[in-house]
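Number of protein chains: 2
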Amino acid sequence: MSDTKDKASHHHGNLRQALIEAGIELLTEGGLDALTLRKCAARAGVSHAAPAHHFDGIDGLRVAIAQEGFVRFRHRMLDFADAGPQTPRGRLHGICKGYLAFAREEPALYDLIFSFRAHSKKITDMRESSTPSYQVLRDACAPFVPPGTDPLIIETQVWSLVHGFALLILTGRFGPGPAPEDAVLALLDRIGTPPEPDR
Amino acid sequence: MSDTKDKASHHHGNLRQALIEAGIELLTEGGLDALTLRKCAARAGVSHAAPAHHFDGIDGLRVAIAQEGFVRFRHRMLDFADAGPQTPRGRLHGICKGYLAFAREEPALYDLIFSFRAHSKKITDMRESSTPSYQVLRDACAPFVPPGTDPLIIETQVWSLVHGFALLILTGRFGPGPAPEDAVLALLDRIGTPPEPDR
DNA sequence: TCGCATAATTGACAGTGTAAAGTTTACACC
DNA sequence: GGTGTAAACTTTACACTGTCAATTATGCGA
Chain A
1 MSDTKDKASH
11 HHGNLRQALI
21 EAGIELLTEG
31 GLDALTLRKC
41 AARAGVSHAA
51 PAHHFDGIDG
61 LRVAIAQEGF
71 VRFRHRMLDF
81 ADAGPQTPRG
91 RLHGICKGYL
101 AFAREEPALY
111 DLIFSFRAHS
121 KKITDMRESS
131 TPSYQVLRDA
141 CAPFVPPGTD
151 PLIIETQVWS
161 LVHGFALLIL
171 TGRFGPGPAP
181 EDAVLALLDR
191 IGTPPEPDR
Chain B
1 MSDTKDKASH
11 HHGNLRQALI
21 EAGIELLTEG
31 GLDALTLRKC
41 AARAGVSHAA
51 PAHHFDGIDG
61 LRVAIAQEGF
71 VRFRHRMLDF
81 ADAGPQTPRG
91 RLHGICKGYL
101 AFAREEPALY
111 DLIFSFRAHS
121 KKITDMRESS
131 TPSYQVLRDA
141 CAPFVPPGTD
151 PLIIETQVWS
161 LVHGFALLIL
171 TGRFGPGPAP
181 EDAVLALLDR
191 IGTPPEPDR
């Protein structure tokens with residue numbers, strides 16, 4: 001299983017990973033616009049054109065960083081879900097709280113993940129990379145899907161609600177005060193058919 | 001009422017508006033990255049540095065275009081609301097349908113409007129510009145606010161739901177097929193307390 | 001030892017935003 | 001009519017960006 005992971009052993013030791021980490025640093029420090037091939041190269045101590053060989057241009061680097069972002073995103077959601085009560089509703093709440101926590105804690109990474117548009121060339125790569133993360137949310141929704149209906153309906157309702165709230169926070173729509181996260185979680189409780197009376 | 005509108009009569013006739021329209025064209029044709037000071041200038045037939053004098057750099061141009069976008073956004077929502085049944089629920093559905101229609105029909109403009117982040121320097125201008133549009137949604141939500149509760153709760157639920165759905169469409173999360181807009185409208189009916197039995 | 005594929009560097013180029021200085025125009029004022 | 005002035009716009013220059021082509025260096029198998 002010699003994957004594409006061990007391709008760097010010539011000059012620099014695992015430059016690819018170093019570039020991804022440098023990119024995440026830049027992203028965290030200065031937002032989407034601060035992510036630059038040349039600044040990544042400088043931070044990793046290589047020439048300005050080196051990153052373009054590992055990733056296929058700037059878009060390739062952004063995809064690679066987004067893939068790493070999806071891994072962290074998924075873990076954050078599972079952390080919250082595993083920490084809460086192990087009921088269907090408890091897990092759904094946990095997933096959504098983890099979703100919002102990730103968006104709040106790593107806004108630039110979250111921004112990058114959802115910065116690819118439907119017409120983009122890399123959109124196929126992005127959809128594949130996001131599948132495991134999406135599956136986590138899908139699993140949490142499953143108990144609430146009324147029999148005989150398309151699971152996509154419940155998933156769309158949950159995802160739209162949480163995703164929209166996260167973006168509204170990032171775009172500063174709620175001002176400096178605390179955002180009404182409880183409002184979102186309350187509506188969550190009205191979604192679908194509860195499989196059992198939780199309380 | 002000599003506003004800031006009639007400031008161009010020296011060389012070019014109303015260059016400011018011409019630049020905004022050129023910018024919207026560029027945006028529509030090529031997305032966010034295609035909006036450029038120099039391309040705007042070229043399209044309006046002026047030197048490359050002219051736009052920076054009317055708007056304060058590229059961010060100023062983006063704000064100005066976003067303000068025009070908010071006007072169109074608001075009109076699209078009101079068009080749908082006025083066309084539907086004039087019940088509280090009918091108007092709320094109309095506003096949300098108009099919201100989604102605008103996002104679908106003018107994705108680049110919608111993207112631009114919500115591309116400013118909370119830490120941005122222009123975020124204050126953006127919040128002011130978005131107030132009339134937000135008021136439209138706020139008004140449609142008002143009848144569903146339970147007495148004695150903060151209206152922000154209902155507004156946040158509605159806005160998060162619709163905004164998230166629009167963004168998920170733009171980021172291509174639903175694949176090439178039609179997006180389940182009905183799922184969002186269905187959840188909308190579970191929000192708040194209906195002021196009267198609509199049917 | 002000899003290729004040879006890969007990794008990385010170097011140099012160049014077009015496009016971008018921005019700043020400073022200069023030019024042109026319109027207009028108020030005497 | 002002449003003059004000064006402020007605004008609109010141009011010109012020039014610079015640093016930064018992504019990308020490409022050519023080149024060099026490295027490690028590995030034959």
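Quick note, the sequences are listed as chains A and B, same order. Per full-length UniProt numbering, numbering through the first sequence is continuous, rising by one, with the last residue being 199. Per full-length UniProt numbering, numbering through the second sequence is continuous, rising by one, with the last residue being 199. The C-beta atom is built at its ideal place from N, Cα and C for all residues, glycine as well. Owing to the predicted nature of the structure, the values given are computational and were not obtained by experimental measurement.
Within the UniProt domain "HTH tetR-type" (13-73) of chain B, those residues whose Cβ lies closer than 8 angstroms to any Cβ of chain A are, in chain order, Gly31. A straight line joining the alpha-carbon of Asp189(B) with that of Leu188(A) spans about 13 angstroms. Between Val63(B) and Asp111(B) a beta carbon distance of about 14 angstroms is seen, past the 8 angstroms cut, so the two are scored as non-contacting. Within chain A, the residues whose beta carbon sits less than 9 angstroms from that of Gly164(B) are Trp159, Ser160, Leu161, Val162, His163, Gly164, Phe165, Ala166, Leu167 and Leu168, listed in sequence order. A residue is called buried once 16 or more other Cβ atoms fall within 10 Å of its Cβ, and Gln157(B) is buried on that count. Taking 9 angstroms as the cut-off, the beta carbon of Pro51(B) is found no closer than this to the beta carbon of Leu100(B).
Under the three-state reduction of DSSP output, Asp189(A) falls in the coil class, being neither helix nor strand.
Look at the stretch 112-144 of chain B and you find these whole runs of alpha helix (DSSP H), each 4 residues long or longer: 123-141.
The beta carbon of Cys40(A) is closer than 6 angstroms to those of Leu19, Ala22, Gly23 and Pro51 in its chain, skipping five residues each way along the sequence. By the C-beta criterion, the stretch 29-44 of chain B is judged not to be in contact with the stretch 73-85 of chain B, since fewer than 3 inter-stretch pairs fall below 8 angstroms. Between the stretch 129-142 of chain B and the stretch 72-79 of chain B, the count of C-beta pairs closer than 8 angstroms reaches three or more; the two stretches touch. Contact fails between the stretch 171-185 of chain B and the stretch 108-123 of chain B, because fewer than three Cβ pairs, one in each stretch, are under 8 angstroms apart. Ranked by Cα distance from Gly192(A), the options Ala183(A), Ser120(A) and Pro88(A) are led by Pro88(A). At a cut-off of 9 angstroms between beta-carbon atoms, Arg173(A) makes contact with chain B. Counting only the Cα atoms, Val145(A) lies some 16 angstroms from Gly90(A). Its Cα nearest to that of Ala140(A), the residue Leu152(A) stands out among Leu152(A), Leu61(A) and Ile169(A).
According to the DSSP assignment, Glu155(B) belongs to the alpha helix (DSSP H) that extends over Pro151 to Leu170.
For the C-beta of Thr131(B), not a single chain A residue is nearer than 9 angstroms; the gap to the nearest is close to 11 angstroms.
Here the C-alpha atom of Trp159(B) lies approximately 14 angstroms from the C-alpha atom of Phe102(B). Under the 10 Å beta carbon count, Pro107(A) is surrounded by 16 or more other beta carbons and is classified as buried. Counting C-beta atoms within 10 angstroms of its own C-beta, Ala66(B) has 16 or more neighbours from the protein chains shown and is therefore classed as buried. Under the DSSP assignment, Gly94(B) falls in the alpha helix (DSSP H) whose first and last residues are Pro88 to Glu105. DSSP places Phe55(A) outside both helix and strand once states are collapsed to three, so it counts as coil. If you check the CB distance, Gly172(B) and Ala34(A) do not come in under 9 angstroms. In this structure Gly30(B) is exposed. Its beta-carbon is surrounded by fewer than 16 other beta-carbon atoms within 10 angstroms.
From the listed residues Gln17(A), Glu68(A) and Ile169(A), the smallest Cα separation to Glu128(A) is found for Glu68(A). In terms of CA proximity to Phe165(A), Arg104(A) leads the group Arg38(A), Arg104(A) and Arg72(A).
Around the Cβ of Gly148(A), a 10 Å sphere holds fewer than 16 other Cβ atoms; the residue is exposed. Membership of Arg43(A) in the alpha helix (DSSP H) is indicated by the continuous run Leu37 to Ala44. Per DSSP, Ala18(B) is one residue of the alpha helix (DSSP H) stretching across Leu15 to Gly30. Between Thr28(B) and Leu109(B), the C-beta gap is smaller than 9 angstroms, which places the two residues in contact. Along the stretch 92-104 of chain B, none of the residues has a CB nearer than 9 angstroms to a CB of chain A. Per the C-alpha coordinates, the member of Arg16(A), Leu37(A) and His48(A) positioned closest to His54(A) is Arg16(A).
If the five residues before and after Ile58(B) are omitted, its C-beta is found closer than 7 angstroms to the C-beta atoms of Leu37, all from its own chain and listed in chain order. Taken through DSSP and simplified to helix, strand or coil, His48(B) comes out as coil.
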